[in-house]
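Engineer: Just so it is clear: in the sequence shown, position 114 is 114 by full-length UniProt numbering, and no numbers are missing. The C-beta atom is built at its ideal place from N, Cα and C for all residues, glycine as well. Bear in mind that the values here come from a model prediction, so they are computed numbers and not experimental data.
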Amino acid sequence: MSEDTTEELMGATYRALCKHGYASLRMQDIADESTKSKAALHYHYESKHDLLVAFLEHLYEQFEADIGADCGDDPATQLVTFVEDRLTPRGDGQKEFQTALLEIKAQAPYDEAYRERLTEFDQLIFDRLRSILQRGIDHGVVDDEIEPEDTAAFLVEHINGAQLRNVTVGASLETARHRLRTYLTEQVLVASEMEHSDE
Numbered sequence: 001m002s003e004d005t006t007e008e009l010m011g012a013t014y015r016a017l018c019k020h021g022y023a024s025l026r027m028q029d030i031a032d033e034s035t036k037s038k039a040a041l042h043y044h045y046e047s048k049h050d051l052l053v054a055f056l057e058h059l060y061e062q063f064e065a066d067i068g069a070d071c072g073d074d075p076a077t078q079l080v081t082f083v084e085d086r087l088t089p090r091g092d093g094q095k096e097f098q099t100a101l102l103e104i105k106a107q108a109p110y111d112e113a114y115r116e117r118l119t120e121f122d123q124l125i126f127d128r129l130r131s132i133l134q135r136g137i138d139h140g141v142v143d144d145e146i147e148p149e150d151t152a153a154f155l156v157e158h159i160n161g162a163q164l165r166n167v168t169v170g171a172s173l174e175t176a177r178h179r180l181r182t183y184l185t186e187q188v189l190v191a192s193e194m195e196h197s198d199e
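#1: Can you give me the C-alpha to C-alpha distance between Glu3 and Ala12, rounded to a whole angstrom?
#2: Rounded to the nearest angstrom, what separates Thr175 and Gln28 at their Cα positions?
#3: Check the DSSP bridge columns for Leu184 and list the partner residues they point to.
#4: Distance check for Phe55 and Met194, CA to CA, integer angstroms please.
#5: Taking the alpha helix (DSSP H) that Thr35 belongs to, which residues open and close that run?
#6: Under the DSSP definition of a beta bridge, which residues are partnered with Val142?
#7: Considering only the alpha carbon of each residue, which of Arg179, Asp150 and Glu147 lies closest to Ala162?
#8: Helix, strand or coil for Glu147? Go by DSSP, reduced to three states.
#9: Cβ of Leu87 within 7 Å of Cβ of Arg177?
#10: Mind listing, in chain order, the continuous beta strand (DSSP E) runs of no fewer than 3 residues lying wholly within the UniProt domain "HTH tetR-type" (3-63)?
#11: Could you spell out where the alpha helix (DSSP H) holding Arg86 opens and where it closes?
#12: Just how far apart, CA to CA, sit Ile137 and Ala65?
#13: Can Ser24 and Ala31 be called in contact, C-beta distance under 7 Å?
#14: Would you call the CB atoms of Ile132 and Pro75 closer than 7 Å?
#15: Nearest-angstrom Cα distance between residue 224 and Glu149?
#16: Could you check whether the segment 45-64 touches the segment 103-121, counting it as contact only if at least three pairs of C-beta atoms, one from each stretch, sit closer than 8 Å?
#17: Glu186 CB to nearest chain D CB: under 7 Å?
#18: Give every residue of the same chain whose Cβ lies closer than 8 Å to the Cβ of Arg181, excluding the five residues on either side of it in the sequence, and list them in chain order.
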């Protein structure tokens with residue numbers, strides 16, 4: 001399959017998920033969002049499940065590229081920005097997509113392929129946070145008494161929890177961002193570096 005076709009089908013899958021959700025999604029719904037026929041979709045993917053597994057893999061590759069490697073920003077700024085970005089809505093249809101993604105996550109305990117892909121997302125966020133925290137300790141901008149692994153796990157759990165509460169009960173992401181920023185200010189970052197990250 002060409003890269004252009006892959007991009008088109010992944011975009012169509014995103015739009016169809018936003019419109020129909022996971023449970024009601026049909027291959028025809030995805031075809032309707034693209035220039036391809038339902039038969040063409042089945043040529044590349046045997047089932048909706050196979051297509052959604054490929055979609056999760058595509059999202060992972062995009063996410064991995066987006067967060068990148070350690071850049072030139074100081075670790076304090078990186079840490080705050082990374083956490084807040086995870087709790088910032090992105091574009092039209094984001095709430096609908098997060099709802100559909102939650103439906104997929106609900107299948108993960110019973111579906112190994114979904115579980116493996118979602119675990120990769122979780123591990124990537126954890127690894128990224130742990131790396132930033134360790135760099136922060138090495139540069140003297142993160143409290144050297146914290147454990148990077150424990151703190152990274154805590155942040156991942158709270159990011160996931162905030163996203164879940166936002167989708168299920170409408171809890172404010174802005175409030176969640178504020179609480180985590182306060183936690184970083186008071187418990188993780190050296191005070192002078194937190195002031196610098198506000199500039």
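Structural biologist: In brief:
#1: Approximately 14 Å between the Cα atoms of the pair.
#2: If you take the alpha carbons of Thr175 and Gln28, they lie about 39 Å apart.
#3: Note: Leu184 sits in no beta bridge, so no partner.
#4: Only weak support is given to the placement of Met194: the predicted model assigns it a pLDDT of 49, under 50, and the question is left unresolved by the model.
#5: Looking at the DSSP string, Thr35 is not in any alpha helix (DSSP H), and its letter there is neither H nor E.
#6: Leu189.
#7: Arg179 is the residue among Arg179, Asp150 and Glu147 whose C-alpha sits nearest the C-alpha of Ala162.
#8: Correct three-state label for Glu147: coil.
#9: The answer is yes: Cβ separation under 7 Å.
#10: Not a single unbroken stretch of the beta strand (DSSP E) spanning 3 or more residues falls wholly within the UniProt domain "HTH tetR-type" (3-63).
#11: In the DSSP assignment, Arg86 falls within the alpha helix (DSSP H) that extends over Pro75 to Arg86.
#12: When only Cα atoms are considered, Ile137 and Ala65 end up about 25 Å apart.
#13: In this structure, Ser24 sits away from Ala31, with a CB-CB distance that is not shorter than 7 Å.
#14: In this structure, Pro75 lies closer than 7 Å to Ile132 by Cβ.
#15: The structure shown does not extend to residue 224, since the chain is modelled only from 1 to 199, so the question has no answer here.
#16: Counting C-beta pairs closer than 8 Å gives three or more between the segment 45-64 and the segment 103-121, which meets the contact rule.
#17: The structure shown contains no chain D; it is built from a single protein chain.
#18: In chain order, Val80, Val83 and Glu84 place their CB closer than 8 Å to the CB of Arg181, counting only its own chain and leaving out the 5 sequence neighbours on each side.
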